[in-house]
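In short: position in the sequence shown from 1, add 1368, done, that's our numbering.
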Amino acid sequence: MAKFLLNTAFVEEDFFSDSRLIAIGSALKGYSLCWWLNQLFGLNFTREPDMDICIQEGKILSGSGGTLFDQVTEEVKRKYYFPVYRHELPYFDASIYLYANRCSVKKLMPELKHADYLLLMQFASYIEPGHDFSSNLARVQGISWTSELEIDTLKSRRNLII
């Protein structure tokens, strides 16, 4: 029997084309950071719980007999939910996303250990001339640092695809 693998290269290319990713260090709660971004840039970040990213940590155990009636048991140690806030862009099928990078001890992007939030701007060439995000993020009270990242170099970039 042939096995089929889902090729996510096209999905990644489409989702991240003309995008910018900014790592943010902040002690603010997600809703507070969104409020500040909404006030400063005139955006409308909202949280839709259906968009939250869930990462499961654990393994699946199955029966040993190999018959139709074997029980398959699933053992999932823990589920981690990472809130996602979104501002929809007018005139485009794109958005600005704010991802929480921390959920208790788990990281959405493990290679970004010090980042508390990630801001992904789709169609950055459309957004950036009107809103100078990179330099103005420092004006938000509670943001201690920001850093622009190269999306192509991140190993866990698939975790950001919604």
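Glycine residues also receive a C-beta, built at the ideal position from the N, C-alpha and C atoms.
Closer than 6 Å by C-beta to residue i: which residues in its own chain qualify, once you throw out the five before and the five after it? Chain order, please.
| i | result |
| --- | --- |
| L1396 | G1510 |
| W1404 | V1508 |
Looking at the unbroken alpha helix (DSSP H) that takes in residue i, where does it start and where does it end?
| i | result |
| --- | --- |
| L1537 | Here the chain covers residues 1369 to 1530 and nothing more, so residue 1537 does not appear. |
| S1502 | F1501 to N1504 |
Under 8 Å between C-beta atoms, does residue i make it to chain C?
| i | result |
| --- | --- |
| F1409 | No chain C appears in this structure, which consists of one protein chain only. |
For a quick check, are the C-beta atoms of residue i and residue j less than 8 Å apart?
| i | j | result |
| --- | --- | --- |
| N1469 | A1483 | yes |
| Y1453 | S1394 | no |
| I1421 | L1476 | yes |
| F1532 | L1457 | Since the first residue of the chain shown is 1369 and the last is 1530, residue 1532 is not available in this structure. |
| I1392 | L1488 | no |
Residues in its own chain within less than 7 Å of residue i by CB, not counting five upstream and five downstream?
| i | result |
| --- | --- |
| F1383 | I1529 |
| P1478 | S1524 |
| I1519 | F1384, S1387, L1389 and R1525 |
Could you spell out where the beta strand (DSSP E) holding residue i opens and where it closes?
| i | result |
| --- | --- |
| E1516 | I1511 to L1517 |
| E1380 | No beta strand (DSSP E) contains E1380, which is instead part of the alpha helix (DSSP H) from A1377 to F1384. |
| S1524 | No beta strand (DSSP E) holds S1524; DSSP gives it neither H nor E. |
| A1483 | Unbroken run through A1483: none, as it is neither H nor E. |
| I1530 | First-last for I1530: undefined, no H or E at that position. |
| V1452 | V1452 to E1456 |
| S1394 | R1388 to S1394 |
May I have the straight-line CA-CA distance separating residue i from residue j, to the nearest angstrom?
| i | j | result |
| --- | --- | --- |
| I1390 | K1445 | 31 Å |
| I1423 | R1507 | 32 Å |
| Y1467 | E1516 | 15 Å |
| P1451 | R1415 | 7 Å |
| D1461 | V1473 | 34 Å |
| F1409 | Y1494 | 15 Å |
| E1425 | Q1407 | 37 Å |
| L1401 | L1411 | 12 Å |
| N1527 | S1512 | 24 Å |
Within 10 angstroms of its Cβ, does residue i collect 16 or more other Cβ (buried), or is it exposed?
| i | result |
| --- | --- |
| S1463 | buried |
| G1398 | buried |
| T1521 | exposed |
| Y1459 | exposed |
Can you give me the Cβ contacts of residue i inside the same chain, cut-off strictly under 8 Å, excluding the 5 residues immediately before and after it?
| i | result |
| --- | --- |
| T1514 | I1390, A1391, I1392, G1393, S1502, L1505 and A1506 |
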